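Protein chains in written order, with the working numbering: chain Z, 1 to 115; chain H, 1001 to 1114.
The beta-carbon is built from N, C-alpha and C at its ideal position, and this holds for glycine as well.
Small disclaimer: the values here were computed from a predicted structure and weren't measured.
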């Protein structure tokens, strides 16, 4: 069975600073990995996904993530934080089982951006 | 192309009542997933359906919960005899196919049980 661990339930950065949100996964087969963002009282929006093509994945809003198989990690980064980035971020894994691509989510990381 | 639609957005029920949550997938999508988000927690998979078929319900509680996705109309998540512990946000996602295809999420239904 697959699992996801997000290190740090709360991350606080200053506007303009680097954003680093950590995600480690566990999977017995090559995984598909996703980052989603959730704004208050809204659904989840896909930021980016890794599906075994390039290991460095670029997403929307200036975010990117790097798949590192040796470290079983898929950390999310953004060079310069903006106030509008304040939200909750979820890392998720899917292994494409024959029963469908159900997602297993991490517990989430709440990102605060300080002016 | 309209996104995934869920209604109602907010639902209040008293203990023992029934809750019906509806999800209309994106046009052209035949795969629907339901997830539950308890307060201060991540999303947990409940059930995966294709038209007229339940493919994987391994995340559904054994009692009181059921789901369907009929040939015509939205997918329905039904909770009978609700209890306070059912209070959560319920999200529906749809995709056009399995495996690598992205799941697109609806805005969720926030269920409050009094």
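- Collapsed DSSP secondary structure at residue 101 of chain Z in the structure displayed: In the structure shown, residue 101 of chain Z falls within a coil segment according to DSSP collapsed to helix, strand and coil.
- Message: Please list the terminal residues of the continuous beta strand (DSSP E) segment that includes residue 1022 of chain H.
- Response: That run of the beta strand (DSSP E) goes 1019-1024.
- Task: Determine contact between the segment 20-40 of chain Z and the segment 69-85 of chain Z, defined as no fewer than three beta-carbon pairs at a distance below 8 Å.
- Result: Enough Cβ pairs lie closer than 8 Å, so yes.
- Task: Could you check how far apart the C-beta atoms of residue 81 of chain Z and residue 15 of chain Z are, in whole angstroms? I think they sit under 8 Å.
- Result: Confirmed, about 6 Å.
- Message: If the cut-off is 7 Å on Cβ atoms, which residues from the segment 38-63 of chain Z count as contacting chain H, listed in chain order?
- Response: So the close ones are 42, 43, 44, 46, 49 and 51.
- Go to residue 61 of chain Z, then tell me how far its beta strand (DSSP E) extends in each direction, as first and last residue. Element bounds for residue 61 of chain Z: n/a, residue is neither H nor E.
- Just checking, does the segment 46-58 of chain Z make contact with the segment 2-16 of chain Z on the three C-beta pairs under 8 Å criterion? Of all C-beta pairs linking the segment 46-58 of chain Z to the segment 2-16 of chain Z, fewer than three are shorter than 8 Å, placing the two stretches out of contact.
- DSSP three-state assignment for residue 1060 of chain H, whether helix, strand or coil: In the structure shown, residue 1060 of chain H adopts coil according to DSSP, grouped into three states.
- Task: Return the bridge partner residues of residue 1048 of chain H from the DSSP annotation.
- Result: Per DSSP, H:1033 and H:1056.
- Note down the Cα distance separating residue 54 of chain Z from residue 34 of chain Z, rounded to an integer number of angstroms. Between residue 54 of chain Z and residue 34 of chain Z, the alpha-carbon positions lie close to 14 Å from each other.
- Query: Relative to the C-alpha of residue 1056 of chain H, which residue among H:1021, H:1071, H:1075 and H:1033 is closest?
  - Reply: It is H:1033 whose Cα lies nearest to the Cα of residue 1056 of chain H.
- Task: On a CA-only basis, which of Z:12, Z:11, Z:113 and Z:84 is nearest residue 60 of chain Z? Give me that one, please.
- Result: Nearest C-alpha to residue 60 of chain Z: Z:84.
- Message: Can you pull the chain Z neighbours of residue 1108 of chain H, defined as C-beta to C-beta under 7 Å?
- Response: Under a criterion of Cβ atoms nearer than 7 Å, the residues of chain Z adjacent to residue 1108 of chain H are, in order, 43.
- Query: With a cut-off of 9 Å, does the C-beta of residue 1029 of chain H fall near any C-beta of chain Z?
  - Reply: Chain Z contact via Cβ: absent.
- Classify residue 1073 of chain H as buried or exposed, calling it buried when 16 or more other Cβ atoms lie within 10 Å of its own Cβ. Label assigned to residue 1073 of chain H: exposed.
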